Amino acid sequence: MCGCCCGKDSAEDKADLTNPIKNRGCTDIIVLIVFVLFWAGMIYIAAFSITHGDAWRLVYGHDSFGNTCDEDNRGRKIENVSFSGMNMEGRGFVFILNILDPLNSMKLCVNKCPGRDLNTTSDLAIFAVTDGSSLCRYDYNYTEYSDYLVKKGFCPGKVFASEPLLNRCVPKQIFSTADAIFSKFFDFLNSSDIFHKVLHDLMTGWREMLILCFVALGFGALMVLLIRFLASFIVWFIIVIAIIGSLAGTVGLWWTYMDKKRFIDDKEEDNIPLLNVDIDSEQAFLIYSIIATVLTVILLLVILVMRKRISLTVTLFHEAGKCLADVPILLLQPLWTFVILVFFFVYWIIILAFLATAEIASVDKTTGFVKYTEHERVSYLWWYHLIGLIWTSEFIIACQQLVVSGTVATWYFTREKKSLSCTICKSTKLLIFHHLGSVAFGAFVITMVKLPRWILMYMQKKMKGSQNTCAQYTLKCCICCLWCLEKCLKYLNQNAYTVVAIQGSNFCSSAKKAFMTLVSNALRVAAINSVGDFVLFLGKIGVTAATAAVGIFWFKTKEELNYYAIPVLLVCVFAYFIAHCFLSTYEMVIDALLLCFCHDTDINDGSPERRYYASVSLQKYIEDGSNKISAISKGEDPGEGEAARL
């Protein structure tokens, strides 16, 4: 890395950055090979997980013989286990024969939970005939039901009227009485691994999550179109939407928390035992509500402070709109990124579900029933799969950044812009055939910063109850520093891709050139670019908050979910990624224009022989805008006339 960063001085090769070169080689091939090999490992994890796991076990559960309910298990027979490998299609509920001792009782897959009390074996036989659901071991039919089978534990002695909960048949009395006989059943439900409960929610609510992704897609597309055609109006519209969206999301979270709290308080007053999922969900929404409130207050304060600068972004969006008017297909670029990201996220979650169930079946010596224990290799594969999520998602976004940056640079450094044809196609071709390695390199750099930050955040959570205050503050400082470093590197990477697209140089050399250019024009870039990026960031927050509000009200109606706070959180993450893909089009266009302008002013002086590539309006805006922002920073009043002109 050092070798590629220690090339010739930037002053010697300023003139190189005038037009995208046509004859170029492949850059950062070694990193591309590493990325391909890494994905070979991801494919191995997928194959291992699908071979050894069963994601539907998280949703429907399994019986005492290792059969996943509501699934054909004939290809998964466990050796030396009777009744294993049976077809359970249509039997989507787990029925526990003895609810007084559910941990050691036989569990069966049934197609219907008994809706009434069954006190005798005759009642069991009648229920099997009338409702078509046998509640005794699979090898006995209703004509053989007897008290002897009850004593042997093959049939239930007394069956309480039940209803499905988490695809388990749960006695209705649990919800209306605090009878001590059900305490062990609550212990059984609460003993389930929280991670499996979360994955159960993801598998159950994936359709709603996917639809909410398209809701976010609609919000993002609408925002981009409004910026394109109503720039002078949309700047303030974005601010209003961000404020309304943040307030709506915050109010929705507090309302959901109060609803959860009222539900738990009512149960406590009646001395009814509580499920851990209810308590954890209440705490999760309390935390979400507090965080949303703090962020909303900060957002309002920042808008109040920057209100005078925000009006300057109108002209900046107009200049970016000229580029998009000449290359309108750029507006469709986020759509492809969105589709690829959605497919990748769906793939990643599905493999995660299979990986979580990649367990080894064994027979419990005490009960003689099948139990599942984690495969010894799974603990190592978790981290690999997590790195794959970060690196690949950053790679996909980086591909979009290079294509957009290359397109804008080509447009900027072309005198006769009307003569351009299929500029984005040429930029995409350069990415695929020459610069995938550079994109993988940039994504890897972000991954190497983001992953340690996540690890430190996990360590901080584990140390929350620790008395070692010094260690906690040290972790917080490290997390904050890594977050700042990640944001700086992302901004540098985006500008480096512009240089890669123009010069065809490797990532490290391009990052150095971009860094030197940004440093030499730091005041100009910071003054102009920060305001535009802030407005676009508000747009992302508005899309995320609006999608979250829709998700909260929708998931509240899904009674089969354990922690619908987790799907809501994931939907917010996906919504932000989607909004980023759309609004980052303008962000990348603006960043690329400013970088090209800085290089333009370095290599040209405005004379007839060395005319600027920038339009007169862009030159005037950047210089006058910098002066006005400088005046605002000093507390001076630049005058209403100048403000109207800008």
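For the sequence shown, the residue numbers in the numbering used here are 10 to 655. Using N, Cα and C, we set each Cβ at its ideal position, and we do this for glycine too. Just so we're clear, the structure is a prediction, and the values are computed from it rather than from any experiment.
Would residue i be called buried (16 or more neighbouring beta carbons within 10 Å of its own) or exposed?
i	result
M525	exposed
G62	buried
T305	buried
Q503	buried
P165	buried
K522	buried
P337	exposed
C497	exposed
S388	exposed
K269	buried
K459	buried
K100	For the sequence presented, residue 100 should be read as Arg rather than Lys. Buried: at least 16 other Cβ atoms inside 10 Å.
N515	buried
P343	buried
C479	exposed
A334	exposed
Assuming residue i and residue j make a contact with CB atoms under 8 Å, what is their CB distance in whole Å?
i	j	result
I561	V582	Contact doesn't hold; Cβ gap of about 15 Å is too wide.
C145	L158	6 Å
L221	V580	5 Å
I253	T346	Going by Cβ atoms, the distance from I253 to T346 rounds to 27 Å, so no, they are not a contact pair.
V379	F74	6 Å
K121	D148	That pair is no contact at about 20 Å.
F294	Y266	4 Å
F3	V119	Absent from the structure is residue 3, since the part of the chain shown begins at 10 and ends at 655.
K161	S171	About 22 Å; that fails the 8 Å criterion.
S436	T419	7 Å
I need the DSSP call for residue i, collapsed to helix, strand or coil.
i	result
V444	First, the amino acid is wrong: residue 444 is His here, not Val. Residue state, collapsed to three classes: helix.
N502	helix
E172	strand
R216	helix
R177	strand
V103	strand
C431	coil
I190	With a pLDDT of 49 at I190, under the threshold of 50, the modelled position of this residue cannot be trusted; read the value that follows with caution. I190: helix per DSSP, three-state reduction.
L602	helix
N118	Checking the sequence, you will find Cys at residue 118 rather than Asn. Of the three classes helix, strand and coil, the one that applies to C118 here is strand, per DSSP.
E495	helix
G551	helix
K86	coil
M597	helix
E618	coil
S58	helix
I108	coil
M472	coil
L304	helix
I163	Checking the sequence, you will find Phe at residue 163 rather than Ile. Reduced to three states, the DSSP call for F163 is coil.
E328	helix
C35	coil
Y154	coil
C145	coil
S624	coil
T610	helix
F294	helix
F47	helix
F422	coil
S529	helix
D63	coil
C490	helix
I203	Summary for I203: the model assigns pLDDT 49, below 50, so the residue's position carries little reliability, and this model does not support an answer.
T139	helix
S436	helix
G513	coil
S131	helix
In the DSSP output, which residue or residues are listed as bridge partners for residue i?
i	result
P123	Paired residues: none, contrary to the question.
D81	N96
H71	T77
Please tell me whether residue i has its Cβ less than 8 Å away from any Cβ of chain C.
i	result
Y356	Going by chain labels, chain C is absent from the structure shown, which holds only one protein chain.
message: Suppose only complete runs of 4+ residues qualify. What are the alpha helix (DSSP H) ranges in the segment 334-415, listed by chain order?
response: Positions of the alpha helix (DSSP H) runs, each at least 4 residues long and wholly inside the segment 334-415, are given as 342-365 in order along the chain.
Ordered list of beta strand (DSSP E) runs contained in the segment 225-272, each at least 3 residues: Within the segment 225-272, no complete beta strand (DSSP E) run reaches 3 residues.
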